[in-house]
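In the numbering used here, the protein residues as written are 66 to 204.
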């Protein structure tokens, strides 16, 4: 029965976690840690996504559709066979399209199509041969 008894410290910790003060300060400390990693260039992908999400409201940026490396990579793997340089080419293509894309009224699929064109263009510039997959629906 002794193990079921709560100590004063555990009780205080439990009560503190139920306050908004605790959660506000925990959030602030987490944001400071992310900022520290940003300043010293040791951010993870997760940190970058959280910072971008946190800054959207302040910047007034509310994208309805977004272009991401993962979705274009899935599209590229539908078109091309897997290649060691494909992920790098997709990332470069998405970066280029993201910099140049300015018409937010068009669909994200048009941006993904443009990124796929850039993947093929960059592969050709680097003499990388990407093998196209056979299309089962054209048989």
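Beta carbons: idealized from backbone N, C-alpha and C, even for Gly.
*asked:* Please report the straight-line C-alpha distance between residue 73 and residue 112, rounded to a whole angstrom.
replied: Position 8 of the chain shown, counted from the start, is the residue given in the question as residue 73. Position 47 of the chain shown, counted from the start, is the residue given in the question as residue 112. Spanning the two alpha carbons is a distance of roughly 36 angstroms.
*Which partner residues of residue 145 appear in the DSSP bridge assignment?*
By one-based count along the chain shown, residue 145 stands at place 80. According to DSSP, which records beta bridges pairwise, residue 145 is partnered with 197.
*Could you round the C-beta distance between residue 145 and residue 189 to whole angstroms and report it? I think they count as a contact, below 8 angstroms.*
For this step, residue 145 is matched to residue 80 along the chain shown. For this step, residue 189 is matched to residue 124 along the chain shown. Not confirmed; about 13 angstroms, so no contact.
_Please identify the residue among 115, 164, 97 and 150 whose C-alpha is closest to the C-alpha of residue 132._
Locating residue 132 in the chain shown gives position 67, counting from the first residue. Here the closest residue by C-alpha is 164.
_Limits of the unbroken alpha helix (DSSP H) element including residue 97_ = As a position in the chain shown, residue 97 is number 32, starting the count at 1. Taken as a continuous stretch (DSSP letters only), the alpha helix (DSSP H) holding residue 97 covers 85 to 104.
*Grouping DSSP H, G and I as helix and E and B as strand, with all else coil, what is residue 77?*
As a working note, residue 77 is residue 12 in the chain shown. In this structure, residue 77 counts as helix in the three-state DSSP scheme.
*Do residue 176 and residue 162 come within 9 angstroms of each other at the CB atom, strictly closer than that value?*
Along the chain shown, read from residue 1 onward, the residue named residue 162 stands at position 97. Along the chain shown, read from residue 1 onward, the residue named residue 176 stands at position 111. In this structure, residue 176 lies closer than 9 angstroms to residue 162 by Cβ.
_CB contact flag (residue 205, residue 156, <9 angstroms)_ = With the chain running from 66 to 204 in the structure shown, residue 205 is simply not present.
*Reference residue 92; option with closest CA among 116, 79, 75 and 78*: On the chain shown, position 27 is the one that residue 92 refers to. For residue 92, the nearest C-alpha among the options comes from 116.
_For residue 85 and residue 94, what's the separation of their Cα atoms in angstroms?_
For the purposes of this step, residue 85 is taken as residue 20 along the chain shown, with counting starting at 1. For the purposes of this step, residue 94 is taken as residue 29 along the chain shown, with counting starting at 1. Roughly 14 angstroms between the two C-alpha positions.
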